[in-house]
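Residues 1 to 94 in the UniProt record's numbering are what the sequence shown spells out, letter by letter.
Note sheet for the following structure.
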Amino acid sequence: MSGYVYILGNRKNGTFYIGVTSDLPGRIYEHKEGHTPGFAWKYGCTRLVWYEEHALIVEAIQREKSLKHWYRQWKIDLIERMNPDWEDLYDTLY
């Protein structure tokens, strides 16, 4: 089963949340609709600003754990290489 690591943000250089899922469109929809109370909901992180697909979910989980230990600036640099304007990528998933 494949998996995705994703980063949600509330605005450019604002608060962001790192997660992992096997169903990226479905999971982001849940975040946007407030079906997942927690950190992302509390801080308004509903904008998909970065994601990465992995062939196996276990690889995605390992990548998520790794990213959570990165310095904040490294995460910002990662986001801005893919999405320099921090646009919501949700609509590009279809």
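All C-beta atoms, glycine included, are put in the ideal place defined by N, C-alpha and C.
All of these numbers come straight from a predicted model, not from anything done at the bench.
The stretch 59-77 and the stretch 29-39 do not touch, with fewer than three beta-carbon pairs separated by less than 8 angstroms. Take K68, set aside five residues on each side of it, and the residues of its chain with a beta-carbon closer than 6 angstroms to its own are I18, in chain order. In the same chain as N13, and ignoring 5 residues on each side of it, the C-beta atoms closer than 7 angstroms to its own belong to I76, in chain order.
Residue environment for G38: exposed (fewer than 16 other C-beta atoms within 10 angstroms of its C-beta).
DSSP, reduced to helix, strand and coil, places R47 within a strand of the structure shown. CA-CA distance, G44 to L56, rounds to 29 angstroms. T21 is bridged by DSSP to Y4. With fewer than 16 other Cβ atoms inside 10 Å of its own Cβ, Y71 counts as exposed.
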